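K.L.:
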Amino acid sequence: MAGDVSLYHQTVEIRISYELGFKVNDASQGQTGVNANVTVKVTSLSQQVVSAATPLTLAADPYYVGASSILDRLVVAARAWVEGSSEGVQAVSVQKVDGPSAPSTRVWLTSPGVSNLDHVLLHRKDELEHTIGVSITDVGVGTCEEAAQEDLGCSEGCAAQASVTSGFSVVDANTSAVVGPWVGVHSGCGCARFAPADDTVCSADTCLNGGHCVPTPTGTRCICPHGTFGSRCKILSRHFEGGGPGGETGGRNQMEEDLGGWAWVPSIPSCAEVHLSLEVLTGSPDATLLYSGPDHLPPAQGANSDMLALELRGGRPSLLLDLGAGPAALSLNASYSLADSTWHRLDLIWKDELVEMIVDLCSGASIDGPPAKSSKSALNDSETPTSSPPIPPDAHTCRGAARLSRGALLLNAAQPLQVGGLAHPPPAHTVYGWPKPILARPLRGCVRNLRINGEHPPPPPPPHPHHPPTLPQQYPHPLRPPHVIFHSVCLLSVLSEAVFFVFQLIDLGHGLLGQKSSPGCKSADCLASGISCGVHGRCHGSPGYLRCECQPGWSGPDCATPSTPTAFQVNSYVKLALSFTPLAYTTTVHLRFRTWQRRGELVVLSSQHGRDRFAVQLDNGRLCLVLQLHPDPQRSLCLTRAQVTDGQWHTVSAS
């Protein structure tokens, strides 16, 4: 017997289940009036929920996966490991995937409100396989291989992304059938791994870490808890407890305890040019800081060997990087030890078959250590540094470079970037041809300000004509606009004379999958040390040297006093001569401003002879950073998505 049941797309979900009864006649079998019952279960899914689905590739024919037993067991097993979703785990679509040998099946699962579903499913892959009795060959959309990049003619990188089309997928499994929207995986030019949040509608992941989303006429805004940062309420630091082998072996739980602390963040984008930086505080001389690469299981045939491992060995930074054409090792053995319980910054840059590592921006000391001695200024009774800044060290002690194998362009690592340790035993270095084994020592300490460069955002829509109203006198409302204002950085590098990058600060808060790690860094927290910075102050410094720094627009001991704004008329400016010598190797400017003007300089720093210039300015409504280092040509970097000429207060940080 055969027949069709159709559901029109205009059907409104009134019930989640329909019980249909039919009388069936089969003349060939001489049967008439046979009862046939069909149960139709309807699930309504929004475009947003479907777009956030995660694919699992199963080594089984869709005919068997579509049967209710395997699919139901998969969904039930996934629900056991997923936390934080109000609607549990749902199957969105089941599709046949043609492979070189036996056909496989791609099952798309979604869990509204869970932003790291792919990480949870990957971490529990073994348990899921055991429950459903089918091998899971892949989790997530995977990577865009370099061959696809060449076919597409991409120059900046290549990314694999999921997309929802207007079609449907139908898998018929004899007594049951699964129908769902067609979700495909496509490759395209560009390397954006961090899609900006939709700022038009409040969703579960618009505001992070307990932030509350509020719709406004101009989009959505977040009311953020204290201790979070930016428009989406990110937490920028995370504590790792360390740990390691101990006790008797006792299955997976004991193995996880033996591995120590770790946390997973999104994978590194497959960009042709990558700049990654982080700050670490630890007293442990040996520790895993970052890892992206294969796990401990034997690799499948044809699996790539791409990996990144950043470690501390004897307190000195050590990097192992393989972009698929062979590993490159880089160690700064002449550097001072970073295991001194103060904050240190590490920068990694690779492009054009060359990788570079820089310690503390070559400042010669901790980026956030003991402050310089100061004295009272006779002019304004403020504290002014009296000691000279530290002399930058020799370049070979703070930076190093290594040549990558020819043809190595992209880091094709679909796995999460592991921070502070490994969630699995280390892979055997001999299997992948790495020159030395990975230490896999869990970090005991803190990581903060993990930055990874992303793709430049698209240009904003043309501005609407408006008449500037009278500006309010009060200071900013606690609501934060959700547009992504990236951290702009210009870094001198051996890879080019001056390199501009657009960074995405990675959230290290409550939404991460991790073990023996937690948001924040208590040892470097002012409040935990009895120092109150108030709502508008931020804690800076290392343990023993903690201090408060007020956000732009605020002053006073607890940063509770609004500073006095200054109005600038046409052709007006203020010129200041600093009463101290600033650091020569790094410059950071913080300021707040509001304006309707689309052009003009906000702040300009120039050298004594005027040949070097660092400026933050507006150019046709865009916020731009301009750098002039004599005798090199002028370079500029502009933020194209940030709308800052709307008469509202905006905070800028440029380094």
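Residue numbers in the sequence shown follow the UniProt record's numbering, run continuously in steps of one, and reach 655 at the last position.
For every residue, glycine included, the Cβ atom is placed at its ideal position computed from N, Cα and C.
All values reported here derive from a predicted model rather than from experimental measurement.
CB-CB under 7 Å to HIS239, same chain, minus the five flanking residues each way: which ones, in chain order?
P.N.:
CYS446, SER517, SER518, GLY520, CYS521, LYS522
K.L.:
Which residue or residues does DSSP assign as beta-bridge partners of VAL164?
P.N.:
In the DSSP assignment, the residues bridged to VAL164 are VAL183.
K.L.:
Report yes or no: do three or more beta-carbon pairs, one from the stretch 89–96 and one from the stretch 172–188, lie closer than 8 Å?
P.N.:
yes
K.L.:
I'd like to know whether the C-beta atoms of ALA272 and GLU156 end up nearer to each other than 8 Å.
P.N.:
yes
K.L.:
If you draw a straight line from the C-alpha of VAL24 to the C-alpha of VAL89, how long is it?
P.N.:
A straight line joining the alpha-carbon of VAL24 with that of VAL89 spans about 36 Å.
K.L.:
Exposed or buried, what is LEU639 when buried is set at 16 or more other beta-carbons lying within 10 Å of its beta-carbon?
P.N.:
buried
K.L.:
Assuming SER542 and ASP368 form a contact by the criterion Cβ under 8 Å, report the distance between their Cβ atoms to the nearest whole angstrom.
P.N.:
6 Å
K.L.:
I think SER51 touches CYS144, with their Cβ atoms under 8 Å apart; what is that distance to the nearest whole Å?
P.N.:
Wrong, their Cβ atoms sit about 18 Å apart, outside the cutoff.
K.L.:
Between GLU279, ALA615, ILE358, which lies nearest to residue 672 when the distance is taken from Cα to Cα?
P.N.:
The structure shown has nothing for residue 672, since the chain only spans 1 to 655.
K.L.:
Mapping DSSP to helix, strand and coil, what is residue 669?
P.N.:
Only positions 1 to 655 of the chain appear in the structure, and residue 669 is not among them; the question remains open.
K.L.:
State buried or exposed for TRP434, treating a residue as buried only when at least 16 other CB atoms are found within 10 Å of its CB.
P.N.:
Label assigned to TRP434: buried.
K.L.:
Which runs of the beta strand (DSSP E) at least 3 residues long sit entirely within the stretch 12–37? Give them in chain order.
P.N.:
17–26
K.L.:
I need the DSSP call for ALA77, collapsed to helix, strand or coil.
P.N.:
helix
K.L.:
Once the 5 residues before and after HIS119 are set aside, which same chain residues still bring their CB inside 6 Å of it?
P.N.:
TRP264, PRO416, LEU513
K.L.:
Output yes or no for whether 8 Å exceeds the beta carbon distance between GLY261 and GLY407.
P.N.:
no
K.L.:
Between TYR432 and THR651, what straight-line distance do the alpha-carbon atoms span, to the nearest angstrom?
P.N.:
TYR432 and THR651: Cα-Cα distance of roughly 47 Å.
K.L.:
Touch check for the stretch 104–121 and the stretch 41–56: three-plus C-beta pairs under 8 Å?
P.N.:
Short answer: they touch.
K.L.:
Just to confirm my understanding: we take ARG547, look at its own chain, exclude 5 residues before and 5 after, and list those with CB closer than 6 Å. What are they?
P.N.:
Here the set comprises HIS540, GLY541.
K.L.:
Please tell me whether ALA325 and PRO285 are closer than 8 Å, where the distance is taken between their beta carbons.
P.N.:
no
K.L.:
What's the gap between the Cα of SER17 and the Cα of ALA173?
P.N.:
19 Å
K.L.:
For PHE614 versus THR587, is the C-beta distance shorter than 8 Å?
P.N.:
yes
K.L.:
Cα-Cα, which of ARG598, GLN608, CYS224 is closest to LEU578?
P.N.:
Measuring from the Cα of LEU578, the nearest candidate turns out to be GLN608.
K.L.:
I need the DSSP call for ILE452, collapsed to helix, strand or coil.
P.N.:
strand
K.L.:
Under 8 Å between the Cβ atoms of ILE349 and HIS429?
P.N.:
no
K.L.:
Looking at VAL134: is its Cβ nearer than 8 Å to the Cβ of LEU58?
P.N.:
yes
K.L.:
Can you pull the DSSP bridge partners for GLY99?
P.N.:
Beta bridge pairing from DSSP links GLY99 with no other residue.
K.L.:
So which of PRO299, ARG403, LEU259 has the shortest CA-CA distance to GLN319?
P.N.:
Per the sequence shown, residue 319 should be read as Leu rather than Gln. When only C-alpha atoms are compared, the closest one is ARG403.
K.L.:
If you compare alpha carbons, which of MET357, ALA177, GLY210, GLY142 is closest to HIS186?
P.N.:
GLY142
K.L.:
Helix, strand or coil for LEU332 per DSSP?
P.N.:
coil
K.L.:
Go ahead and pull the three-state DSSP assignment for GLN643.
P.N.:
Coil, per DSSP.
K.L.:
So what's ILE268 in DSSP terms, helix, strand or just coil?
P.N.:
coil
K.L.:
Rounded to the nearest angstrom, what separates ARG221 and THR175 at their Cα positions?
P.N.:
49 Å
K.L.:
Quick one: residues in its chain with C-beta nearer than 6 Å to the C-beta of GLY211, no 5 flanking neighbours on either side, listed in chain order?
P.N.:
CYS222, CYS224, CYS233
K.L.:
At which residue ranges does the stretch 614–639 contain complete beta strand (DSSP E) runs of 3 or more residues, listed in the order of the chain?
P.N.:
622–628, 635–639
K.L.:
What are the boundary residues of the alpha helix (DSSP H) that ILE132 is part of?
P.N.:
For ILE132, the enclosing alpha helix (DSSP H) starts and ends at 125–132.
K.L.:
Measure the CB-CB distance between ASP322 and ASN412 and report whether it falls below 8 Å.
P.N.:
no
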